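A.B. asks: Going by our numbering, the sequence shown opens with residue 90, and the numbers climb by one from there.
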Amino acid sequence: MRRPTAARPRPVASVDPELTERPAQVLPGLAGVAAGACGVAGCAVTSWWAGILPPLALEALGLPAQTGAGLGPAQWAAYAAVGALSLFGLGGLARGRTGQAWVLGLFGRYRGTVRRTGLMWVNPLFLRRRVDVRLRHWRSEPMPAADGNGVALRTVTLVVWRVRDTVRATLGVEDHEAYLRECVEAALARVPVEPAGTVRGAADVAGETLTRLVAADAAPVGLEVFSVRPLRVEYAPEVAAAMHRRRIAALDAAQRASVLTSVVDSVEDTVTRLTMRGLVELDDYERKVLVKDLTVAFCAGRGEPGA
Numbered sequence: 090m091r092r093p094t095a096a097r098p099r100p101v102a103s104v105d106p107e108l109t110e111r112p113a114q115v116l117p118g119l120a121g122v123a124a125g126a127c128g129v130a131g132c133a134v135t136s137w138w139a140g141i142l143p144p145l146a147l148e149a150l151g152l153p154a155q156t157g158a159g160l161g162p163a164q165w166a167a168y169a170a171v172g173a174l175s176l177f178g179l180g181g182l183a184r185g186r187t188g189q190a191w192v193l194g195l196f197g198r199y200r201g202t203v204r205r206t207g208l209m210w211v212n213p214l215f216l217r218r219r220v221d222v223r224l225r226h227w228r229s230e231p232m233p234a235a236d237g238n239g240v241a242l243r244t245v246t247l248v249v250w251r252v253r254d255t256v257r258a259t260l261g262v263e264d265h266e267a268y269l270r271e272c273v274e275a276a277l278a279r280v281p282v283e284p285a286g287t288v289r290g291a292a293d294v295a296g297e298t299l300t301r302l303v304a305a306d307a308a309p310v311g312l313e314v315f316s317v318r319p320l321r322v323e324y325a326p327e328v329a330a331a332m333h334r335r336r337i338a339a340l341d342a343a344q345r346a347s348v349l350t351s352v353v354d355s356v357e358d359t360v361t362r363l364t365m366r367g368l369v370e371l372d373d374y375e376r377k378v379l380v381k382d383l384t385v386a387f388c389a390g391r392g393e394p395g396a
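#1: When you compare each of Ala292, Pro281, Glu271, Val282 to Ala304 by their alpha carbons, which one comes out closest?
#2: Helix, strand or coil, according to DSSP, for Ser229 in the structure here?
#3: Give, in chain order, every unbroken run of the beta strand (DSSP E) that is at least 3 residues long and sits entirely within the stretch 245-272.
#4: Taking C-alpha atoms, which residue in Leu193, Gly185, Gly311, Cys132 lies nearest to Tyr168?
#5: In this structure, does DSSP put Leu208 in helix, strand or coil?
#6: Would you identify the three-state DSSP class for Leu216, choosing helix, strand or coil?
#7: Less than 8 Å separating the beta-carbons of Ala124 and Gly178?
#8: Could you give the distance in angstroms between the alpha-carbon of Leu170 and the alpha-carbon of Val115?
#9: Taking Pro319 as part of the beta strand (DSSP E), name the residues at either end of that continuous run.
#10: Where Leu108 and Gly201 are concerned, what is the direct C-alpha to C-alpha distance, given to the nearest angstrom?
#11: Would you identify the three-state DSSP class for Leu108, choosing helix, strand or coil?
#12: Just the Cα atoms here: how many angstroms apart are Val222 and Val134?
#13: Whole angstroms are fine: how far does the CA of Leu320 sit from the CA of Arg228?
#14: Which stretch, first to last residue, makes up the beta strand (DSSP E) that contains Val203?
#15: Would you mind giving the Cβ-Cβ distance between Val248 and Val273, rounded to the nearest angstrom? I have them listed as a contact below 8 Å.
#16: Taking Cβ to Cβ, would you say Leu195 is nearer than 8 Å to Arg217?
#17: For the alpha helix (DSSP H) that contains Ala113, what are its first and last residues?
#18: Beta-carbon separation of Trp250 and Arg219 under 8 Å?
#19: Using the beta-carbon count (16 or more within 10 Å), is Phe215 buried or exposed?
#20: Can you find the residues in the same chain that come closer than 6 Å, C-beta to C-beta, to Leu302, ignoring five residues on each side of it along the sequence?
Set out below in structure tokens:
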């Protein structure tokens, strides 16, 4: 006879240890506005220098008329410089929102995370990925599960979670929401759940176990899971009819046992009282006949159990 071998410990998922969230270097939004304003002013000055500024603009700006040499290499270079300054300043303006963060990258490398709110200036060359870091509630679609006896079930779960480490959630896994959903499915395959009303407290025990398993699987990718609770548990369509008939049969058997116990107690009490008061004197045969007749009478009075 072969001895059962010890189960190997399940490997823990891991990501690159260098993927750790750190704050990105950003500037106040006023810096970007100032750079953009300087670029616009530089374009106006260059146009005045080249002598192509319209008379109305000269009058509005209070500049003297300038007879320039036209657009030469120097003027085009000045236009390129101030235009780049304006685009770089205004293009980097961004508005941070509460509950939102940006993961910044440049040429495939992580450059930091922005969690600030309000107007700010971010290097426009950086690739920005918006991440929702608020507390989130996810109500799943019906997922396959099983009870302690292996009967197929369908359960709807409520997951309370949030993104704790933005860089791990965005760069450590392809889609952190899909990963979380698969972690819940894997946990349901390992943890037995019970339909409502079968075992008292089973939902709480299953919820605590599911929360622990899903939190352990989701932590390496920067997700923090607070609770995983089964909301609705029902039998799978292929076994629902059979389990319904089984439950009705169990209830019918329990009802028959309850009625029979009550009848037996009543017969015993009646025979004991008659004997103790001396109303009848019975031998064993007569006692059996009386018990039989009383049992039939009581059952007829209560109605046949299960009828």
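Glycine included, each C-beta is placed from N, C-alpha and C at the ideal position. Computed from a prediction, not measured in an experiment: that's the story for all the values here.
C.D. replies: Based on what the coordinates show:
#1: Here residue 304 corresponds to residue number 215 of the sequence shown, with the count starting at 1. Among Ala292, Pro281, Glu271, Val282, the Cα nearest to that of Ala304 is on Glu271.
#2: If you number the sequence shown from 1, residue 229 lands on position 140. In the structure shown, Ser229 sits in coil (DSSP, three-state: anything other than H, G, I, E or B).
#3: none
#4: Along the sequence shown, read from residue 1 onward, the residue named residue 168 stands at position 79. Checked all of Leu193, Gly185, Gly311, Cys132; the closest Cα to Tyr168 is Cys132.
#5: The count along the sequence shown starts at 1 and reaches residue 208 at position 119. The answer is strand: DSSP assigns Leu208 an E or B state.
#6: The sequence position of residue 216 within the sequence shown is 127, counting from 1. Here Leu216 sits in strand by DSSP.
#7: Walking along the sequence shown from the start, residue 124 turns up at place 35. Walking along the sequence shown from the start, residue 178 turns up at place 89. Going by C-beta atoms, Ala124 is nearer than 8 Å to Gly178.
#8: Indexing the sequence shown from 1 puts residue 170 at position 81. Indexing the sequence shown from 1 puts residue 115 at position 26. Note that residue 170 is Ala in the sequence shown, not Leu. In a straight line, the C-alpha of Ala170 is about 23 Å away from that of Val115.
#9: Within the sequence shown, residue 319 is the residue found at index 230, counting from 1. Run containing Pro319: 312-324, per the beta strand (DSSP E) assignment.
#10: In the sequence shown, the residue the question calls residue 108 occupies position 19. In the sequence shown, the residue the question calls residue 201 occupies position 112. Distance between the alpha carbons of Leu108 and Gly201: 10 Å.
#11: The residue labelled residue 108 in the question sits at position 19 within the sequence shown. Coil, per DSSP.
#12: Numbered from its first residue, the sequence shown carries residue 222 at position 133. Numbered from its first residue, the sequence shown carries residue 134 at position 45. Val222 and Val134: Cα-Cα distance of roughly 45 Å.
#13: The count along the sequence shown starts at 1 and reaches residue 228 at position 139. The count along the sequence shown starts at 1 and reaches residue 320 at position 231. If you take the alpha carbons of Arg228 and Leu320, they lie about 9 Å apart.
#14: On the sequence shown, residue 203 is found 114 positions in, with the first residue counted as 1. Where Val203 is concerned, the enclosing beta strand (DSSP E) starts and stops at 198-203.
#15: Translated into the one-based positions of the sequence shown, residue 248 becomes position 159. Translated into the one-based positions of the sequence shown, residue 273 becomes position 184. Right, the Cβ-Cβ distance comes to about 6 Å (below 8 Å), so this counts as a contact.
#16: Locating residue 195 in the sequence shown gives position 106, counting from the first residue. Locating residue 217 in the sequence shown gives position 128, counting from the first residue. Cβ distance not < 8 Å, so Leu195 and Arg217 don't count as in contact.
#17: As a position in the sequence shown, residue 113 is number 24, starting the count at 1. Per DSSP, Ala113 belongs to no alpha helix (DSSP H) and is neither H nor E.
#18: Here the question's residue 250 lines up with position 161 in the sequence shown. Here the question's residue 219 lines up with position 130 in the sequence shown. Taking 8 Å as the Cβ cut-off, Trp250 and Arg219 do not qualify as a contacting pair.
#19: The count along the sequence shown starts at 1 and reaches residue 215 at position 126. Classification of Phe215: buried, given that the 10 Å Cβ count is 16 or more.
#20: Position 213 of the sequence shown holds residue 302. Taken in chain order, the residues that qualify are Ala276.
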